[in-house]
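What follows is a single structure, written as structure tokens, with notes after it.
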Amino acid sequence: MQHIIEMVGVSKIYPGGCAALKDINVKIGKGEFVFLVGPTGAGKSTFLKLLFREELPTRGQIFINGKNITRLKPKEVPYLRRRLGVVFQDFRLLPQKTVYENVAFAMEVIEASPREIRRRVPKVIEMVGLSHKMNSRPHELSGGEQQRAALARALVNNPDVIIADEPTGNLDPDTSWEIMKLLDEINKKGTTLIVATHAKELVDAMKKRVLQLEDGRLVRDEERGVYCCET
Amino acid sequence: MQHIIEMVGVSKIYPGGCAALKDINVKIGKGEFVFLVGPTGAGKSTFLKLLFREELPTRGQIFINGKNITRLKPKEVPYLRRRLGVVFQDFRLLPQKTVYENVAFAMEVIEASPREIRRRVPKVIEMVGLSHKMNSRPHELSGGEQQRAALARALVNNPDVIIADEPTGNLDPDTSWEIMKLLDEINKKGTTLIVATHAKELVDAMKKRVLQLEDGRLVRDEERGVYCCET
Amino acid sequence: MKLRTIRYFFREAFVNLFRNGWMSLASIGAVASALIIFGSFLMISINFDYIAKNVESQVEITAYVEDSVDKLKINQIEYNIKSIDGVKEVVFVSKEQALEEFKKQVGEELLEGIENPLPNSFRVKVETPQEVAGVAERIQKIDGIEEVKYGKGVVEKLFKITYWMRLVGLAVMAIFAAISVFIISNTIKITVFSRRREISIMKYIGATDWFVRWPFLIEGMLLGFTGSLIAIALLATGYSYLYDMVKMNVPMISLLPIEEFYDYSLGLLLMGTVLGAFGSGFSIRKFLRV
Amino acid sequence: MKLRTIRYFFREAFVNLFRNGWMSLASIGAVASALIIFGSFLMISINFDYIAKNVESQVEITAYVEDSVDKLKINQIEYNIKSIDGVKEVVFVSKEQALEEFKKQVGEELLEGIENPLPNSFRVKVETPQEVAGVAERIQKIDGIEEVKYGKGVVEKLFKITYWMRLVGLAVMAIFAAISVFIISNTIKITVFSRRREISIMKYIGATDWFVRWPFLIEGMLLGFTGSLIAIALLATGYSYLYDMVKMNVPMISLLPIEEFYDYSLGLLLMGTVLGAFGSGFSIRKFLRV
Ligand SMILES: Nc1ncnc2c1ncn2[C@@H]1O[C@H](COP(=O)(O)OP(=O)(O)OP(=O)(O)O)[C@@H](O)[C@H]1O
Ligand SMILES: Nc1ncnc2c1ncn2[C@@H]1O[C@H](COP(=O)(O)OP(=O)(O)OP(=O)(O)O)[C@@H](O)[C@H]1O
Ligand SMILES: [Mg+2]
Ligand SMILES: [Mg+2]
């Protein structure tokens, strides 16, 4: 199996001294579905932020598709990010744009054709069950609706890797299940998925690879794992 | 039992036409612990926003402690809000202030004495398990840490009613449990609690009164209820 | 309101001033620029007035005395002129003095050996230049005065010019005062706008309008005050530099000495401070309605 | 870059202009105010120059001809003067004309019956007023010229004044140009700052720097353009009003006609537009670093 993501000896110490990640070594293969679990403040979001270069590691190397992304020139960063679809924990929807425009924006960035945009955007919004809110602005949406809008934006360009930071934190169990099934389908088509989550039941039911962080350390890496209550 | 909160025929239609709440009639007694459940977009946050006057109902009356809060003059609104402790779904921490300052601010608003502030704030931050992040700004916190900071701020003034909108959405199951136990303790001391949540397991385990919203309607009101998967 | 709350307001204002870093600098810069502009116009306008006064004060009346009048009568006439209301200064110019001056003007050699055709005269200055016509008329009526001249027509023109100088100066100053106020309040409005979320959060926590507003007001005051100080310092430096340069290089133009502007600087300082405070205080209003 | 992307940039710029509502208005207002200030000083400075030129062009040389010179020789002298480099206009003033003028000046009756002491003379105007001394010297050397006068001393003073008028005008204009640039870029910087979150989100989605920047640049350009148009319209209205007022009420001062400002307005328009565009383009930079 080819490794699409590889972390070698990665540590992240935030200015201020908080060591959010400590010597992480991990390989993720193409097409894998990985859950990232751990208590609050364990470093899950930091782990994901390193992948799309929101943060740079203090030590260590990160390879995506064999390319060392800690050495990227600022000019190359956008092209890295375009191959990743990210659902941010705090959503990061553009406040002035409607759901449709937010999703379309991700396609405009890669200079997709207007026809393609008009075809694809409504389809993806439908997939996350937000068709009825297509023309609402983020501040007119409920928490769960914002979360799904963020998910739709991450999916729209059919990225190689989808990085989702608690994509069901604001969703009821039923909707969470649907979203997970959707992600599973996307994964089956070959997309690599990395999902940080606290949804114990979902993790237990899905039986995917589980990476557990604890206080910045990778304490468990289990194929077909469970959320695990005690470590 | 005395009713601290009473909604009479309350409807909320947002500008744009979305009917978020439809003819809600509900009474909540002093010292009750109420879960507000329902699928995403059902109107839970709207329900809570009506209580602290972020939104005004389109129709109907809302009484808190027997006072009709839909008729409050703008000048009276702050005094209503001071009797409520609110955990917002989107946290609403002041971005320029540290965790300590954010919590202290809620006490400064009610003109508490500096001594009282210095005594009480660290205690409450300790209660939510955030002592090690006391001097961090919100953007330096993980999602779960922000959520607990917001909770600390809601608790600090010992309000009559605590309104929490998904206070565990960004927390792992263990931490969620601790937070719930904390809220239960506070409730046992006489504070009324209204908690909107998607955490099925917690609701099922706590056996409190459950109000279920579905598409803006109150479809279930059960003492010692469960989250309930099918309606 | 409790004393500790007032202390909190001031602490909060100072802390925000520093936390907002370059945003505060930008506001201070805007206040400073606006007041430099307004201050410059103020100075120009005041100098206009000063120069106008200078020029006006040079207006004088020449009263020619009849040739037949003797020394004694002349003293009497001088006394009569002096006792007219509004006369400031009377100088007697004898035939001989007049000829001397005339020779200087026209060129000595041309008038050599000609019998002096010029009469005795008085030069009269008035207190308020605008009264010159009235005074001239009254001098005319004095016995022994042959003719009165005061540049009729020219003086009127001069007054018209100085009147217009003043009017335009004032109008332009008023316009630029308005523009300065706009620039200051505009900038402060934008900075407050960029903190609207903060303001709404405070309100949701249960803060009263004034609890939110006071620190903003004080912060605005500090910004305005600092900006004004900078403006005043730069204006003073610039003006004294200009003053020295003009004095050295163009001695015939005399500008108002800088001391005269002390009171005005206080005005500028007040203006900046008040605008800063009220700009913040007012702009915040619409964000408090939550 | 694809054509559709360019179309997207423009659509985005226009949409943001409207979505940001009063923030856009505030920026336009800032550009307009700053350019009104700069434009006013530009107009003042240009009028200073114009008035200085007017005054300077009135400088003339008077060349007195020796009494002994006859009619023919006078023609010859006139020809000689005309052929001097830099001479613009030569007017012959005969003894009789000179006396007439002198009488008007001094008062007819005083000079009645006196033999005419005044010589024939030429009044010479030069092309560049600053050359007056040189030309005067060369006229002096012409045979038959007794004396040359051009207000030596006074003319130098005059030039000194006009020189200073121009210098101060330019310096003040430069200072106010700088202040205007500061006000515009300052305001735009703050508005961009208040959208920094948006900018960073776009970058996180995978937008290149220029993809984010272009709409801002175009938006800034539109803001600047609109602001400049408003400034120009107000300046033109104000100036033509002033011009008419001055013309009616103070006919002795002549301001530059408004037509002369057409080219300058184009300059202002360009300045506003470019400042708007670059202000946005530069301010955005630091928020792109994510
Ligand atoms: N910008 C920052 N500056 C300083 N410290 C930070 C910063 N971001 C995160 N941290 C700290 O790093 C640690 C890990 O944070 P991270 O966001 O990765 O946690 P997490 O596992 O995502 O938690 P959660 O489940 O609550 O979202 C936390 O203790 C947090 O306070
Ligand atoms: N400001 C608004 N303007 C227009 N519609 C709104 C606004 N706020 C909420 N809505 C709509 O009202 C409905 C109820 O929203 P609400 O936030 O109350 O849902 P919720 O139950 O809290 O959902 P979640 O669990 O996802 O947070 C949603 O369909 C939402 O889109
Ligand atoms: Mg996180
Ligand atoms: Mg909600």
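Chains as they are written, first to last, in this note's numbering: chain U, 8 to 238; chain E, 8 to 238; chain P, -1 to 288; chain Z, -1 to 288.
Virtual Cβ for every residue (Gly too), placed ideally from N, Cα, C.
Whole-angstrom distance between residue j and residue i, CA atom to CA atom
i, j, result
"R66 of chain U", "K29 of chain U", "9 Å"
"G54 of chain E", "F214 of chain P", "The residue asked about is misnamed: residue 54 of chain E is Phe in this sequence, not Gly. Each residue's alpha carbon lies about 32 Å from the other."
"I177 of chain P", "A134 of chain Z", "50 Å"
"V93 of chain E", "I193 of chain U", "38 Å"
"V89 of chain P", "A61 of chain P", "10 Å"
"Q96 of chain E", "A206 of chain E", "14 Å"
"L220 of chain E", "I197 of chain Z", "37 Å"
"R211 of chain Z", "P22 of chain E", "33 Å"
"I117 of chain E", "P166 of chain E", "12 Å"
"I59 of chain Z", "R121 of chain P", "32 Å"
"I35 of chain E", "H10 of chain E", "6 Å"
Simplified DSSP state of residue i, which is helix, strand or coil
i, result
"K284 of chain Z", "helix"
"I35 of chain U", "strand"
"L33 of chain Z", "helix"
"D97 of chain U", "coil"
"R90 of chain E", "coil"
"H205 of chain E", "coil"
"K123 of chain P", "strand"
"M(-1) of chain Z", "coil"
"T238 of chain E", "Note on T238 of chain E: pLDDT 45, under 50, position unreliable in the model; the coordinate value appears next. Coil."
"I117 of chain U", "coil"
"T175 of chain U", "coil"
"G225 of chain Z", "helix"
"S81 of chain Z", "coil"
"K187 of chain P", "helix"
"M41 of chain P", "helix"
With 16 other Cβ atoms within 10 Å as the buried cut-off, status of residue i
i, result
"L220 of chain P", "buried"
"F16 of chain P", "exposed"
"T235 of chain Z", "exposed"
"T126 of chain Z", "exposed"
"I75 of chain P", "buried"
"I12 of chain U", "buried"
"Q154 of chain E", "buried"
"V152 of chain Z", "exposed"
"S120 of chain U", "exposed"
"L116 of chain P", "buried"
"N75 of chain E", "exposed"
"I203 of chain P", "buried"
"R160 of chain U", "buried"
Anticipated Cβ contact below 8 Å, residue i with residue j, distance rounded
i, j, result
"A233 of chain U", "D211 of chain U", "The residue you asked about is not Ala; residue 233 of chain U is Val in the sequence shown. Contact holds; Cβ gap of about 5 Å."
"A315 of chain Z", "I181 of chain Z", "Not covered by the structure: residue 315 of chain Z. The range shown for chain Z is -1 to 288."
"A156 of chain U", "L148 of chain U", "7 Å"
"T105 of chain E", "N164 of chain E", "Contact flag wrong, Cβ pair sits at about 19 Å."
"R216 of chain E", "V41 of chain E", "5 Å"
"L266 of chain P", "S226 of chain P", "6 Å"
Residue-level contact to chain C via CB, residue i, 8 Å cutoff
i, result
"L101 of chain E", "The structure shown has no chain C; the protein chains it does contain are U, E, P and Z."
Open item on the list: Please list, in chain order, the residues of the region 27 to 49 of chain E that have any C-beta partner in chain P closer than 9 Å.
Closed with: Among the residues of the region 27 to 49 of chain E, none has a Cβ less than 9 Å away from any Cβ of chain P.
TODO: Give the residues from the region 65 to 92 of chain E that approach chain P closer than 9 Å (Cβ to any Cβ), ordered along the chain.
DONE: When C-beta distances to chain P are compared with 9 Å, the residues of the region 65 to 92 of chain E below that value are P81, K82, V84, P85, Y86, L87, R88, R89, R90 and L91, in chain order.
Task: Members of the region 116 to 133 of chain E near chain P, C-beta cut-off 8 Å - done: For the region 116 to 133 of chain E, the set of residues with a beta-carbon nearer than 8 Å to any beta-carbon of chain P comprises V116, I117, E118, S120 and P121, in chain order.
- [ ] Determine which residues of the region 184 to 217 of chain P have a Cβ less than 7 Å from any Cβ of chain E, and write them out in chain order.
- [x] Residues passing the 7 Å Cβ filter: E196, I199, Y202, I203, G204, A205, T206 and F209.
TODO: For the region 177 to 189 of chain E, enumerate the residues whose C-beta is nearer than 7 Å to any C-beta of chain U, in chain order.
DONE: Listed by position along the chain: N177, L178, D179, P180, D181 and T182.
TODO: Quick one: which residues of the region 249 to 279 of chain Z get their C-beta closer than 7 Å to a C-beta of chain U? List them in chain order.
DONE: Of all residues in the region 249 to 279 of chain Z, none comes within less than 7 Å of chain U when Cβ atoms are compared.
Task: Residues, ordered as in the chain, of the region 141 to 172 of chain P that lie near chain Z by beta-carbon distance below 8 Å - done: For the region 141 to 172 of chain P, which is checked against every Cβ of chain Z, the residues closer than 8 Å are K155, K158, I159, W162, V166 and V170.
Task: Residues from the region 204 to 230 of chain E in contact with chain U, defined by Cβ distance under 8 Å - done: Under the 8 Å Cβ criterion, the region 204 to 230 of chain E contributes H205, K207 and E208.
- [ ] Report the residues of the region 11 to 23 of chain E with a CB closer than 8 Å to any CB of chain U, ordered along the chain.
- [x] Those residues of the region 11 to 23 of chain E that come within reach of chain U (Cβ to Cβ, closer than 8 Å) are Y21 and G23.
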